[in-house]
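The numbering of the sequence shown is the numbering used here, which starts it at 1 and goes up by one.
Written out below as structure tokens is the structure these notes cover.
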Amino acid sequence: MVKTNKIHYYVDLDGVLANHDAQSVTYQVKMSNTKDNDSGTKYDIRDYKNGFFRTMPLMPDAHLFQDYLKGIDNDRVHILSAVPKRRTSASSVFDEKREWVQEHFPFIRSINIHIVFREHKALFATLHPHSILIDDNKSNINEWRHAGGIGILHTDAVSSIKKSMAIHSALWDVI
Ligand SMILES: [Mg+2]
């Protein structure tokens, strides 16, 4: 039998694939940090208007993820993105994010696009035996690891992809 990669890959949207930061400047909704922020966020948002998530630009290095993820069996490539609980007048953040993924990452299966509340991300860590989360939010990574998953704290696409490939190589002979 041909040996195959068994790892599942979960990739965050905002700050990893989608340029949420640039969009918040465009929409003029960026506010300095407050103690009420969701844990792990770098800044606060006054309000999310209709279209904010649907029209986010790609991160400058997102094309590297497009190439990398396309090379992995699409059963095991997931988007795991959170919706804001407050300060949103957008009618459907869920639909906007889903449509964004379908436009920019059309090879990702609809069933593998998971749009959830932030604190529920860690529930996905052990749905499969070996799951990597690539996320720029430290709390998400800590919670993912605590739940039994493998976390890569994202800073840029080159580093995250290199780490992901290193994990794949390291696990190749043991899973
Ligand atoms: Mg993020």
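Just so it is clear, CB atoms sit at the ideal spot from N, CA and C, and this is done for glycine as well.
Query, Result
"At a cut of 8 Å, does the stretch 117-136 reach the stretch 4-18 through at least three beta carbon pairs?", "yes"
"Terminal residues of the continuous alpha helix (DSSP H) containing L64?", "A62 to K70"
"Just to confirm, are V29 and I45 a CB contact at a threshold of 8 Å?", "yes"
"Taking a contact to mean a Cβ-Cβ separation below 8 Å, would you say M56 touches H20 in this structure?", "yes"
"Can you tell which of V158, Y43, K49 and L17 has its C-alpha closest to the C-alpha of Y27?", "K49"
"Note down the Cα distance separating S160 from K42, rounded to an integer number of angstroms.", "19 Å"
"How would you label A170, buried or exposed, when you count the other beta carbons within 10 angstroms and need 16 or more for buried?", "exposed"
"If you draw a straight line from the C-alpha of G51 to the C-alpha of D173, how long is it?", "45 Å"
"Answer yes or no: do D135 and D12 have a C-beta to C-beta separation smaller than 8 Å?", "yes"
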